[in-house]
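Quick notes on the structure that follows.
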Amino acid sequence: MSPTNPKRPPGLLATTLVLLRKDLLIEWRTRARLNALVFFAMATLLLFSFALGPDTKLLERNAGGYLWLAILFASVLSLGESFRVETENACLDGVRLAPADARAIFLSKALGNALLLLALAVVLVPVMVALYGVRIVTGVGDLAGILVLGSLALSAPGTVYAAISSNARARDVLLPLLLFPLVIPALLSAAKGTTLVLQGDPMQQLGSWQGLLLGFNLIYWGVGFVLFPRVIED
Amino acid sequence: MNKFVKFGLPALTLALLGAGWWLGLAWAPPDREMGEVQRIMYVHVPLQWMAMMAMFINFVAAVTYLLRQSWKTDAMAEASAEVGLLFGTLGMITGSIWGRPTWGVYWSWDPRLTSEAILLVSYTGYLVLRRFVEDPEKRAVWSAVVAIIGAINLPIVWFSVRWWRSLHQVQSSPKTVDPQMVLPLRVSAFGMLALLIVFMVHRYRIALAERQAEVALPEALPTDDPALRATHSSKVA
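Residue numbers (the numbering used here), protein chains in the order written: chain B, 4 to 237; chain G, 34 to 270.
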């Protein structure tokens with residue numbers, strides 16, 4: 004590699020990747036967050052079967068909804084935590100003074116959260132197969148598509164709201180209160196899509212739910228990208 | 034306060050609402066299929082129109098605040114969200130009173146009703162956020178961001194009856210209803226608009242006074258640093 008001009012600041016993508024690497028490294032060294040999320044979400048899946056009784060037909064039919072509710076509840080914990088590491092010792096100010104573009108901070112945080120949720124989902128699917136007796140009918144590729152789109156859809160608005168609520172009073176109440184009504188379209192289409200993957204898709208509806216998720220992602224990643232710098236400015 | 038806003042506008046509101054509801058209850062004919070129950074339309078529909086308008090004002094105020102900071106637009110955003118939530122909730126209650134005799138249930142999981150419920154919950158979250166942030170400048174910026182993100186729901190609610198044809202009927206136009214129903218609806222709508230303006234003006238003045246009291250507070254405290262005083266006083270736009 005030729006020596007580059009040290010004064011030239013790194014681009015948006017490079018900053019994003021560096022920040023993402025930093026976040027993932029912190030996560031990998033402690034592994035506290037992913038462990039906690041996996042056990043929390045598994046407990047949620049178990050609790051659904053206790054609360055609704057051991058009716059395997061019912062559990063199998065609603066498995067997509069339970070999976071995404073477990074991921075949504077876990078995402079609230081995960082999103083709050085992703086900014087808590089930055090508020091300790093005013094790390095966020097340090098990152099911004101580095102200087103890192105605020106939009107790169109948004110992209111790295113949102114991508115990091117999406118990756119974590121995706122990892123959680125990948126762990127939860129086999130658990131669900133065992134607990135609820137579901138089968139993956141239309142193929143692993145379709146399921147992977149829904150899981151990726153759904154994780155991205157929860158993390159984009161979630162990152163903006165987590166940045167806001169991490170500095171407010173009563174943050175544990177505020178984040179779900181802001182986030183839950185907003186992600187209902189994403190939750191609905193991810194749950195429907197997963198149910199179709201698990202039970203077969205004779206009417207070819209999967210594509211339209213994936214389209215809805217994609218549109219949701221485009222809107223909220225775009226809005227978050229534009230508005231996030233205002234959220235963390237001082 | 035302007036004399037017209039203080040006395041004239043409330044009087045006009047009462048007159049318009051009184052006239053509109055008298056026309057709707059006594060003069061307009063009952064609906065061919067729904068009968069007398071339909072007359073709640075003269076309350077329900079204007080309430081929902083005004084709720085939508087208040088929430089749209091909230092969106093405009095939020096965008097304006099982000100472009101150019103001013104306590105006036107922040108106060109306007111707070112006022113419109115609160116009044117919009119009030120009108121929207123009343124609209125939903127009148128709607129479910131109408132739904133019980135007409136659809137047989139107070140609540141159905143129809144796309145219009147569901148999206149409206151989501152909208153109201155998200156504005157509740159917005160108002161909770163406003164209560165939970167002490168720093169007035171941060172509160173203004175953050176709530177503006179949340180308002181813009183939440184406003185994406187507005188077109189969804191409005192077009193939900195067209196996108197998903199279901200229980201709730203499509204918006205009627207003057208061409209599709211009896212002209213004797215159009216007049217009371219129009220008069221009640223203008224009455225409701227006047228009521229919206231009365232509420233908004235009062236709530237806006239309260240919000241502005243609160244903001245100015247909050248920002249003026251450090252200035253009232255004794256401080257030796259003149260630079261600090263200058264920064265505090267410059268915050269009041």
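C-beta: ideal position from N, C-alpha, C; glycine also. Treat the numbers as computed from the prediction; the structure is a model and nothing was measured.
Residues near residue i by beta carbon distance below 8 Å, same chain, minus five either side
| i | result |
| --- | --- |
| lysine 69 (chain G) | The residue asked about is misnamed: residue 69 (chain G) is glutamate in this sequence, not lysine. Excluding positions up to five away in sequence, the list reads Pro63. |
| arginine 138 (chain B) | Val132 and Leu201 |
| alanine 270 (chain G) | Caution applies to alanine 270 (chain G), whose pLDDT of 45 falls short of 50 and renders its modelled position unreliable; the model cannot decide the point. |
Those residues which DSSP pairs with residue i across a bridge
| i | result |
| --- | --- |
| glycine 68 (chain G) | G:Asp64 |
Neighbourhood of residue i by C-beta, 7 Å cutoff - its chain only, sequence neighbours within 5 removed
| i | result |
| --- | --- |
| tyrosine 237 (chain G) | Ala108, Met109 and Ala112 |
| glutamate 115 (chain G) | Leu160 and Arg236 |
| glycine 115 (chain B) | Leu23, Asp26, Leu27 and Ser85 |
| serine 129 (chain G) | Tyr139 and Trp140 |
| serine 111 (chain B) | Thr19, Leu22, Leu23 and Asp26 |
| tyrosine 164 (chain B) | Leu178, Leu181 and Leu182 |
| glycine 56 (chain B) | none |
| glutamate 271 (chain G) | In the structure as shown, chain G begins at 34 and stops at 270. Residue 271 (chain G) is therefore absent and cannot be evaluated. |
| alanine 222 (chain G) | Pro79 and Trp82 |
CA-to-CA distance, residue j to residue i, given in whole angstroms
| i | j | result |
| --- | --- | --- |
| tyrosine 223 (chain B) | alanine 113 (chain B) | 11 Å |
| aspartate 104 (chain B) | glutamate 167 (chain G) | 27 Å |
| glycine 51 (chain G) | alanine 59 (chain G) | 12 Å |
| alanine 66 (chain B) | glycine 142 (chain B) | 16 Å |
| glycine 83 (chain B) | asparagine 38 (chain B) | 15 Å |
| threonine 198 (chain B) | leucine 150 (chain B) | 12 Å |
| glycine 144 (chain B) | phenylalanine 165 (chain G) | 43 Å |
| valine 128 (chain B) | valine 190 (chain G) | 34 Å |
| glycine 41 (chain G) | tryptophan 140 (chain G) | 39 Å |
| valine 220 (chain G) | isoleucine 181 (chain G) | 32 Å |
| phenylalanine 76 (chain B) | lysine 39 (chain G) | 49 Å |
| arginine 8 (chain G) | arginine 172 (chain G) | Outside the shown range of chain G, which is 34 to 270, sits residue 8 (chain G), and nothing can be said about it. |
| leucine 121 (chain B) | leucine 230 (chain B) | 25 Å |
| alanine 54 (chain B) | leucine 100 (chain B) | 49 Å |
| methionine 88 (chain G) | glycine 158 (chain G) | 14 Å |
| lysine 268 (chain G) | asparagine 92 (chain B) | Confidence at lysine 268 (chain G) is low in this model, with a pLDDT of 49, below 50, so its placement is unreliable and the value that follows should be read with caution. When rounded, the distance between both Cα atoms is 28 Å. |
| leucine 209 (chain B) | methionine 214 (chain G) | 44 Å |
| glycine 214 (chain B) | methionine 225 (chain G) | 39 Å |
| methionine 4 (chain B) | alanine 189 (chain B) | Summary for methionine 4 (chain B): the model assigns pLDDT 48, below 50, so the residue's position carries little reliability; its value from the coordinates is reported in the next sentence. So the alpha carbons of these two residues sit roughly 44 Å apart. |
| leucine 123 (chain G) | tyrosine 69 (chain B) | 33 Å |
| tyrosine 75 (chain G) | alanine 173 (chain B) | 41 Å |
| valine 234 (chain B) | valine 98 (chain B) | 15 Å |
| proline 160 (chain B) | glycine 148 (chain B) | 19 Å |
| alanine 249 (chain G) | glycine 53 (chain G) | 45 Å |
| leucine 100 (chain G) | threonine 135 (chain G) | 46 Å |
| proline 205 (chain B) | leucine 146 (chain B) | 16 Å |
| leucine 134 (chain B) | arginine 64 (chain B) | 13 Å |
| histidine 77 (chain G) | arginine 133 (chain G) | 14 Å |
| arginine 36 (chain B) | serine 81 (chain B) | 7 Å |
| aspartate 211 (chain G) | lysine 36 (chain G) | 39 Å |
| serine 176 (chain G) | leucine 162 (chain G) | 7 Å |
| methionine 67 (chain G) | valine 231 (chain G) | 33 Å |
Run of the alpha helix (DSSP H) containing residue i, from where it starts to where it stops
| i | result |
| --- | --- |
| leucine 58 (chain G) | From DSSP, leucine 58 (chain G) is part of no alpha helix (DSSP H); its letter is neither H nor E. |
| tryptophan 104 (chain G) | 104-136 |
| valine 137 (chain B) | Element bounds for valine 137 (chain B): n/a, residue is neither H nor E. |
| tryptophan 224 (chain B) | 209-235 |
| alanine 189 (chain B) | 187-202 |
| histidine 201 (chain G) | Looking at the DSSP string, histidine 201 (chain G) is not in any alpha helix (DSSP H), and its letter there is neither H nor E. |
| lysine 39 (chain G) | Counting along the chain, lysine 39 (chain G) falls outside any alpha helix (DSSP H), and DSSP gives it neither H nor E. |
| proline 79 (chain G) | 74-100 |
| valine 178 (chain G) | 169-183 |
| arginine 145 (chain G) | 144-165 |
| serine 141 (chain G) | It is not in any alpha helix (DSSP H) - serine 141 (chain G) carries neither H nor E in the DSSP assignment. |
| aspartate 145 (chain B) | 143-168 |
Cβ shell of residue i (< 6 Å), same chain only, five flanking positions each side left out
| i | result |
| --- | --- |
| alanine 117 (chain B) | Ser154, Leu155 and Ser158 |
| leucine 152 (chain G) | Asn186 and Val190 |
| glutamine 71 (chain G) | Asp64 |
| leucine 80 (chain G) | Phe120, Leu123 and Gly124 |
| tryptophan 71 (chain B) | Leu190, Ala193 and Ala194 |
| methionine 233 (chain G) | Ala112 and Val116 |
| glutamate 89 (chain B) | Leu95 |
Chain A within 7 Å of residue i, Cβ atoms only
| i | result |
| --- | --- |
| phenylalanine 89 (chain G) | Looking at the structure shown, chain A is missing, and the protein chains on hand are B and G. |
Starting from the N-terminal side, write out each stretch of the alpha helix (DSSP H) that is 4 residues or longer and does not extend beyond the region 23-63 of chain B.
Listed in chain order, the complete alpha helix (DSSP H) runs (minimum 4 residues) inside the region 23-63 of chain B are 35-55.
Unbroken alpha helix (DSSP H) runs of length 4 or more, entirely within the region 77-107 of chain B: which are they?
Entirely contained in the region 77-107 of chain B, the alpha helix (DSSP H) runs reaching 4 residues are, in chain order, 94-100.
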